[in-house]
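Chemist: I'd like to ask you about the structure that follows.
2 protein chains.
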Amino acid sequence: MTTDTMNGTEQHYRIGDFAEMTGLTSPTLRYYEKEGLVKPHRSENGLRYYTDADVNWIKFLLHLKSTGMSIDQLKKYVQWRAEGDATIPKRLDLLKSVREDFMKKMDDLDHSLTILNDKIDWYSGKTDGRISDSEGFAEYLENMNHAE
Amino acid sequence: MTTDTMNGTEQHYRIGDFAEMTGLTSPTLRYYEKEGLVKPHRSENGLRYYTDADVNWIKFLLHLKSTGMSIDQLKKYVQWRAEGDATIPKRLDLLKSVREDFMKKMDDLDHSLTILNDKIDWYSGKTDGRISDSEGFAEYLENMNHAE
DNA sequence: GTTAGACTTTAAGTCAACTTCAAACAATTA
DNA sequence: TAATTGTTTGAAGTTGACTTAAAGTCTAAC
Chain A
219 MTTDTMNGTE
229 QHYRIGDFAE
239 MTGLTSPTLR
249 YYEKEGLVKP
259 HRSENGLRYY
269 TDADVNWIKF
279 LLHLKSTGMS
289 IDQLKKYVQW
299 RAEGDATIPK
309 RLDLLKSVRE
319 DFMKKMDDLD
329 HSLTILNDKI
339 DWYSGKTDGR
349 ISDSEGFAEY
359 LENMNHAE
Chain B
219 MTTDTMNGTE
229 QHYRIGDFAE
239 MTGLTSPTLR
249 YYEKEGLVKP
259 HRSENGLRYY
269 TDADVNWIKF
279 LLHLKSTGMS
289 IDQLKKYVQW
299 RAEGDATIPK
309 RLDLLKSVRE
319 DFMKKMDDLD
329 HSLTILNDKI
339 DWYSGKTDGR
349 ISDSEGFAEY
359 LENMNHAE
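One line per chain: the protein sequences are A and B, in this order. Each residue of the first sequence is one higher than the last, beginning at 219 in our numbering. Each residue of the second sequence is one higher than the last, beginning at 219 in our numbering.
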């Protein structure tokens, strides 16, 4: 039972409010619309309005975007979505491959964090004398078994 | 005891080889040099050459870069590095703040991965009938206690 | 009813981080 | 020695993702 079926009202959000709700700006939303990523409705007088479904969609889209998907890749997903349930397998495959790539990227980021931590430790060791003046960072990494 | 002290030879790498070693391109290396991120040496005839120390530096720089640091921010770090050990505290502070920001960003990425996983599960559930036709993704997330 | 602020459009501008180009010089290979 | 490949420079071009501008229309508050 959704809010809709409960009271028959559907919230309409104008672009400014919707922008605030999603953390985007109005120009960005018009840009996304031009790129086909979101399709707001129009009131009689020509003003855009967005609904709660659009809020959910944009939130999910922003998650996809933060995995590294480009506007062009998102566009493909949106097109499939518009074609209906028949494209669910395609969408599923796309999301799985996005996940694959994303997890690899996160592994790299984890490694970068390790190196960053090591460098901070190494500097700290230099500062408090825990690490000898002559020990370079490369050797330090090697001793920690942290390649690169 | 370093390789240097062991045999007195120091490897010299020309820009193409160095590019391959670091995963960058020659133009990118020239661009980084112009921005002050790396200072190769020059042989008598004017050709750039890089050393193992430069390899280590670029590798570290790329880790910093993948935490989200911009060329401009890296430039600041490089300047401090050139000023000698007196700036170690500054560099340490900078790296710690970079780490702070980076860890927050990784938390966000973790969350995006969660949502992506949920969406994949949801689609899979739709496909194999495990999730009812009428259950939307937003409700599914709510049931999983995964906000947004 | 007037006015400030939000909205509409199309088009041009911005930004970071490269990438490509052109023309001349250096090094390697046949 | 000739040809090919690599390097040099400065400057211009590219890309993705917005952002800003300009000029007009709509809405809400007073």
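From the three backbone atoms N, C-alpha and C, an ideal C-beta is built for every residue, glycine too. As the structure is a prediction and not an experimental result, all values here were calculated from the model.
1. I need the boundaries of the alpha helix (DSSP H) containing residue 234 of chain A, first residue and last residue.
2. Just checking: is the beta-carbon of residue 316 of chain A within a distance shorter than 8 Å of some beta-carbon in chain B?
3. Leaving out the 5 sequence neighbours to the left and right, which residues in its chain are closer than 8 Å to residue 240 of chain B when beta-carbon positions are compared?
4. Considering only their Cβ atoms, is the gap separating residue 317 of chain B from residue 327 of chain A smaller than 8 Å?
5. Using a beta-carbon distance below 8 Å, is residue 356 of chain A in contact with chain B?
6. My understanding is that residue 330 of chain A touches residue 315 of chain B, with C-beta atoms under 8 Å, so please give their C-beta distance in whole angstroms.
7. How would you label residue 349 of chain B, buried or exposed, when you count the other beta carbons within 10 angstroms and need 16 or more for buried?
8. What residues in its chain sit with their C-beta under 8 Å from that of residue 234 of chain A, if we drop five residues either side in the sequence?
9. With a threshold of 16 other CB atoms inside 10 Å of the CB of residue 372 of chain B, please say whether the residue is buried or exposed.
10. Got a sec, what are the start and stop residues for the alpha helix (DSSP H) residue 270 of chain A sits in?
11. For residue 362 of chain A, report the span of its alpha helix (DSSP H) as first-last.
12. By Cβ distance, which residues of its chain are closer than 8 Å to residue 305 of chain B, with the 5 residues on each side in sequence left out?
13. Output, in chain order, the set of chain A residues within a Cβ distance shorter than 8 Å of residue 236 of chain B.
14. So the candidates are A:293, A:290, A:232, A:256; which of them puts its Cα closest to the Cα of residue 263 of chain A?
15. I think residue 255 of chain A touches residue 294 of chain A, with their Cβ atoms under 8 Å apart; what is that distance to the nearest whole Å?
16. Under 8 Å, Cβ to Cβ, is there at least one residue of chain B near residue 309 of chain A?
17. Hey, residue 339 of chain A and residue 364 of chain A are a contact pair by Cβ (cut 8 Å); roughly how many whole angstroms apart?
18. Using a Cβ cut-off of 7 Å, pull out every chain B residue sitting near residue 330 of chain A, in sequence order please.
19. In terms of alpha-carbon separation, which member of A:236, A:344, A:266, A:261 lies closest to residue 309 of chain B?
20. Which word fits residue 271 of chain A, buried or exposed, when buried means at least 16 other C-beta atoms lie within 10 angstroms of its C-beta?
21. Should residue 324 of chain A be flagged as near chain B, meaning a C-beta pair shorter than 8 Å?
22. Any beta carbon from chain B within less than 8 Å of residue 341 of chain A's own beta carbon?
23. The segment 245-274 of chain A: which residues have C-beta closer than 8 Å to a C-beta of chain B, in chain order?
24. So residue 367 of chain B contacts chain A; which residues on that side make the cut at Cβ distance below 9 Å?
25. Pull the bridge partners of residue 433 of chain A from the DSSP assignment, please.
26. Between residue 228 of chain A and chain B, is any beta-carbon pair separated by less than 8 Å?
Modeler: Straight from the coordinates:
1. 233-240
2. Under the Cβ distance rule, residue 316 of chain A counts among the residues neighbouring chain B, one pair being separated by less than 8 Å.
3. 247, 273, 276, 277, 280
4. Taking 8 Å as the Cβ cut-off, residue 327 of chain A and residue 317 of chain B do not qualify as a contacting pair.
5. Chain B contact via Cβ: present.
6. At roughly 16 Å, the Cβ-Cβ gap does not stay under 8 Å, so residue 330 of chain A and residue 315 of chain B are not in contact.
7. Burial of residue 349 of chain B is indicated by the presence of at least 16 other C-beta atoms within 10 angstroms of its C-beta.
8. 244
9. Any property of residue 372 of chain B remains undetermined from this structure, which presents chain B solely from 219 to 366.
10. 270-284
11. 355-362
12. 298, 299
13. Neighbours of residue 236 of chain B on chain A: none; closest Cβ ~16 Å, over 8 Å.
14. A:232
15. Not really, about 11 Å apart at Cβ, beyond 8 Å.
16. Look at residue 309 of chain A: its C-beta is under 8 Å from a C-beta on chain B.
17. Between residue 364 of chain A and residue 339 of chain A the Cβ distance is about 11 Å, and since that is not below 8 Å, they are no contact.
18. 281, 284, 285
19. Ranking the options by Cα distance to residue 309 of chain B, first place goes to A:344.
20. exposed
21. yes
22. yes
23. 274
24. Chain B is shown from 219 up to 366; residue 367 of chain B falls before or after that span and cannot be answered.
25. As shown, chain A starts at 219 and ends at 366. That puts residue 433 of chain A outside it, with no answer to give.
26. Residue 228 of chain A does not count as touching chain B.
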